[in-house]
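Visitor:
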Amino acid sequence: MNFKGSKTTIMLVLMAISLVSVTSIQQDTFAQIVGMSLTAQASEGADTILIRGQTVSQTTPITFTVTSPDGFNKLAVDQVTPDEKGVYSTEFKIGPSWKQNGFYTITGMQGVNKNSIYNMSVEVEVLNGMAVETLITESNLETGIFMPKENLKKKGLSIRADAMEGSTIIGITGQTDRTNLDITLKVITPNGNVVSVEQITPNLDGTFAKDIKTGGPLWTQDGEYTVTAQQGESADHKSSVKVEILDGVVVPEFGTIAALILVVSIISIIAVSARSKLSIMPRY
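Here it is as structure tokens:
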């Protein structure tokens, strides 16, 4: 029996099995690297929106469409083919057809309709024909699982009201991501009448503040007055707070009054109990 030949055959078989195993592992590793990323970038007041990203499929073209804020009109279409590394880029010019103020949806589709490999969207806000500062990315490039990333700049408007009990001044402060559009402050009475309208310009960092004076013939109704801040037409840029007014001055919230009454009641009960104990103490 030729043991040398048998050993050689066994070694060759083992090497073949190892090679197949390594190849399978490499294929599995590469199979996991799937996905696509889509980034939109625009400077404040610019008329150009830059689009860039990367995809695993280097040979399939990517079609981009821009849809108006109301969703009814397609304003632009473009198609690009990624380079050998899967990297792509294009840009869109904001033109006369971009009449609406709001968020325009830019969709990137790699492939054709139902047979598309990847399909993702980003939103860019346009006001008065100019872009609002934007840097936003959607990506599933690393894992193949779609995980939208948060905007680098928080969208929206928020306000708060501060006032001392008995004061005739309501201090309004807030924050917005828009710095190129004025904010309208409106005060509405409990029965729906408008008693005050103010316009303020936010600071460069998006903060704003305004004092509202109460009292006078328009503030005679008691109850909750609503202060609303609105910037443009977007629902994300509208916020309201309520302030309780009594006899033309600010009163604390019901919870605060209830808490004070409860504290006073507890103190009174303790005092009465202490006196009762003292009065019934036996005398010797």
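When we follow our numbering, the leftmost residue of the sequence shown carries the number 781, and every step to the right adds one.
For glycine and all other residues, C-beta sits at the position ideal for the given N, C-alpha and C.
(1) For the stretch 891 to 902 against the stretch 861 to 876, do three or more pairs of beta-carbon atoms, one drawn from each stretch, fall closer than 8 angstroms, so that the two count as touching?
(2) Using DSSP's beta-bridge definition, name the partner residues of S877.
(3) In the structure shown, what three-state DSSP assignment does A941 receive?
(4) Compute the distance between the beta-carbons of T987 and Q955, then report whether it is under 7 angstroms.
(5) What beta strand (DSSP E) runs, 3 residues minimum, are completely inside the stretch 804 to 874?
(6) Considering only the alpha carbon of each residue, which of L937, R940, E978, G815 lies closest to Q834?
(7) Measuring straight from C-alpha to C-alpha, what distance separates T1068 and I968?
(8) Hey, F844 and D827: beta-carbon distance below 7 angstroms or not?
(9) Report yes if the C-beta distance between T885 and E903 is below 7 angstroms; otherwise report no.
(10) So, for V1043: in the same chain, excluding its five sequence neighbours on each side, which residues have a beta-carbon less than 8 angstroms away from its beta-carbon?
(11) Determine the burial state of S1019: buried for a count of at least 16 other Cβ atoms within 10 Å of its Cβ, exposed for fewer.
(12) Helix, strand or coil: how does DSSP classify N899 here?
(13) For E1024, which three-state DSSP category applies?
Guide: In short, the structure shows the following:
(1) Flag = no, the stretch 891 to 902 and the stretch 861 to 876 do not touch.
(2) In DSSP, S877 forms no bridge with anything.
(3) Reduced to three states, the DSSP call for A941 is strand.
(4) yes
(5) 816 to 822, 828 to 835, 842 to 847, 854 to 860, 867 to 873
(6) G815
(7) No answer is possible for residue 1068: it lies beyond the span of the chain, which begins at 781 and ends at 1064.
(8) Taking 7 angstroms as the Cβ cut-off, F844 and D827 do not qualify as a contacting pair.
(9) yes
(10) Summary for V1043: the model assigns pLDDT 47, below 50, so the residue's position carries little reliability; its value from the coordinates is reported in the next sentence. Closer than 8 angstroms at the Cβ level, and outside the excluded window around V1043, lies no residue.
(11) Label assigned to S1019: buried.
(12) strand
(13) strand
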